[in-house]
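Take a look at the structure set out below.
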Amino acid sequence: MELNGNDLSQIIERVLKELNEKDTKKQEVSDGVFDTIDEAIAAAYEAEKKFKNSTLEQREKYIAAMRKATMDNAMSLANLAVKESGMGRVDHKYLKLKLTAEKTQGTEVLKPEAITGDKGLTLVERGAFGVIGSITPSTNPAVTVICNAICMLAGGNTVVFSPHPGAFKTSLTTLKILNKAIREAGGPDNLLTAVAKPSLENTNVLMHDSRIRMLVATGGPGIVKMVLSSGKKAIGAGAGNPPVVVDETADLEKAARDIINGASFDNNLPCIAEKEVIAVAEIYEDLIKHMKENRAVYEINDAQAEKLLGTVLNKDSQTGKYSINKAFVGKGAKYILESIGEKVSDEIEILIYRAKNSHPFVQLELMMPILSIVKVKDFDEALETAVEDEHGNRHTAAMHSKNVDHLTAMARAIDTTIFVKNAPSYAGIGFGGEGHTTFTIAGPTGEGLTNAVSFTRIRRCTMADSFRIV
Ligand code: NAD
624 MELNGNDLSQ IIERVLKELN EKDTKKQEVS DGVFDTIDEA IAAAYEAEKK
674 FKNSTLEQRE KYIAAMRKAT MDNAMSLANL AVKESGMGRV DHKYLKLKLT
724 AEKTQGTEVL KPEAITGDKG LTLVERGAFG VIGSITPSTN PAVTVICNAI
774 CMLAGGNTVV FSPHPGAFKT SLTTLKILNK AIREAGGPDN LLTAVAKPSL
824 ENTNVLMHDS RIRMLVATGG PGIVKMVLSS GKKAIGAGAG NPPVVVDETA
874 DLEKAARDII NGASFDNNLP CIAEKEVIAV AEIYEDLIKH MKENRAVYEI
924 NDAQAEKLLG TVLNKDSQTG KYSINKAFVG KGAKYILESI GEKVSDEIEI
974 LIYRAKNSHP FVQLELMMPI LSIVKVKDFD EALETAVEDE HGNRHTAAMH
1024 SKNVDHLTAM ARAIDTTIFV KNAPSYAGIG FGGEGHTTFT IAGPTGEGLT
1074 NAVSFTRIRR CTMADSFRIV
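Shown next, in the form of structure tokens:
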């Protein structure tokens, strides 16, 4: 059979079309997820070369698409996170996703600076680091990927994510949704990448690969220490154990309501959630009375608390020290009580306990809805106790009071990244309070509530003797 020119061009056109379709299909399947960590890093590295020349307008377009995709998928992501990790509540995870979509800051925070004088003009601008390695937790899997992605891309970086194995599917699904949104908004592929199967080895490779210019760890003390020892520029967003102090001047009804709302939010998973209450003797009983007016509250007695020590915590037989039994982290109050054979109604959302300050429920970051309430003599003792219980994490604390001197004294003494006055703790991340949100709160390294600025390098350009206009 002979082929004429027309046949040939039709064949070429068909082959090219097929190749093109195959490429698109492969991209749709991968959407930033690769078989090996090396491929994930290489793809983000290549993507960064193109992305660093993107305009602020383009970045904002991609970020707008990511915000919309977050809202479009919020319910299914909330469901997936709870189903996969077995932690937290769908309704509250949905609210966290909405907050992240609405209040994570974008490129607007990258403010340039101009210094002019007799010697000309100096410009100071914020540039990208390059490829960032972002290690994310199991407790807030989807929101951490989203807020870090928005902030890091706003700063002009690309990102290789290393999510917690306990919430891997949720984290990768989130990443794919974001990459798809970016692509549909006309952006490049692989701005956000990850490896298909979790392993600690992959995280180690990520930490030491020369193409990774910055590391960000959102998690417990172990991983924060690891990234800070990596020799790279690192941001650590670590553990907390937020105390909330209530003094004799507080509006007790409101304080009780706010504390219960904050401490029961997402089954107490957020690192900022109230973990123990320190109340002065004068109002101790009244505060508990107001808490118990709430039908979601159940008070446990000493015998029940003793039994719970054996289920929700593990005791080291050698040292006698307690640690968290992860099987109970982020579980509901009803489930926790069932572990000691107690049955309560579905309404119960939080357990309260009159604890001594030395009790493990006070001292450990439980991340489950068991709220200890410690009685102290007066405000001075409350302050001292709160500082002790926060363990120098400098993360989050709260206080309910109308005494300005007390509020000021506590703010100074506790020295935390977030200090919330007369509101639930989540007001401190912009939920019912002013200011932007993030789920990467960098206490140890000092960036605070991270935004695009945290993920940029300060660069200076000087023109001597010219360019000033006066
Ligand atoms: P985690 O420390 O168990 O895990 C965090 C991340 O580190 C995960 O991706 C995990 O895979 C990785 N990781 C941990 N050990 C590792 C190792 N040896 N090698 C390689 N990778 C390792 O934390 P979690 O249980 O997922 O999250 C809860 C903790 O995170 C709490 O302490 C909470 O306070 C903290 N947290 C802090 C913030 C913040 O913004 N400061 C936000 C969320 C959670």
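Heads up: the sequence shown begins at 624 in my numbering, then just goes up one per residue.
Glycine is no exception: its CB is placed at the ideal position from the N, C-alpha and C atoms.
The model shown is predicted, which means the values in this text are computed figures rather than measured ones.
query	result
Which residue comes first and which comes last in the alpha helix (DSSP H) that contains Arg806?	791 to 807
Leaving out five residues before and five after Leu733 in sequence, what residues of the same chain have Cβ atoms less than 6 Å from its Cβ?	Arg749, Ala1075
Grouping DSSP H, G and I as helix and E and B as strand, with all else coil, what is Glu965?	coil
At what residues does the alpha helix (DSSP H) containing Tyr717 begin and finish?	713 to 726
Quick one: grab the DSSP three-state call for Glu736.	strand
Quick check on this structure: which residue in Thr723, Lys706, Lys673 has the alpha carbon closest to the alpha carbon of Ala790?	Lys706
What distance in whole Å lies between the Cβ atoms of Leu718 and Val766, which are believed to be in contact at a cut-off of 8 Å?	With 8 Å as the limit, Val766 and Leu718 do not qualify as a contact, their Cβ atoms being about 10 Å apart.
Quick check: the Cα distance between Tyr921 and Phe657, rounded to an integer number of angstroms?	47 Å
Can you list, in chain order, the residues of its chain whose CB lies under 7 Å from that of Glu871, leaving out five sequence neighbours each side?	Val903, Glu905, Ile906
Reducing DSSP to helix, strand and coil, say where Thr1085 ends up.	strand
Would the stretch 907 to 916 and the stretch 1075 to 1092 be scored as touching if the rule is three or more Cβ pairs under 8 Å?	no
Examine the ligand COA and report whether any of its heavy atoms sits within less than 6 Å of the Cβ of Ala860.	Ligands displayed in this structure: the ligand NAD; the ligand COA is not among them.
Grab the span of the alpha helix (DSSP H) containing His1023 for me, first residue to last.	No alpha helix (DSSP H) holds His1023; the beta strand (DSSP E) holding it covers 1019 to 1023.
Are three or more beta carbon pairs between the stretch 1022 to 1032 and the stretch 682 to 701 nearer than 8 Å?	no
Any idea which residues DSSP pairs Tyr1098 with across the strands?	Outside the displayed span of the chain (624 to 1093) sits residue 1098, for which this structure offers no information.
Which term fits Leu798, buried or exposed, when burial requires 16 or more other beta carbons within 10 angstroms of its beta carbon?	buried
With the cut-off set at 7 Å, would you say Phe945 and Arg834 are in Cβ contact?	Note on identity: in this sequence residue 945 is Tyr, with Phe being the wrong assignment. No, these two residues do not count as a Cβ contact at 7 Å.
Measure from the alpha carbon of Ala860 to the alpha carbon of each residue in Thr759, Glu736, Met710, Gly1056, then state which is nearest.	Thr759
If you drop the 5 nearest sequence neighbours on each side, which residues of the same chain put their C-beta closer than 8 Å to that of Ser853?	Met830, His831, Leu838
Quick check: does the Cβ of Asn1074 come within less than 6 Å of any heavy atom belonging to the ligand NAD?	no
Just verifying my parser: in three-state terms, what is the DSSP assignment at Ile773?	helix
Look at Leu977 and Ile993 and say whether their C-beta atoms are less than 7 Å apart.	Contrary to the premise, residue 977 reads as Arg rather than Leu in this sequence. For Arg977 and Ile993, no; Cβs fall outside 7 Å.
Would you mind reading off the limits of the alpha helix (DSSP H) that contains Gly845?	844 to 851
I want to check one thing, is the minimum distance from the CB of Ser653 to the heavy atoms of the ligand NAD below 6 Å?	no
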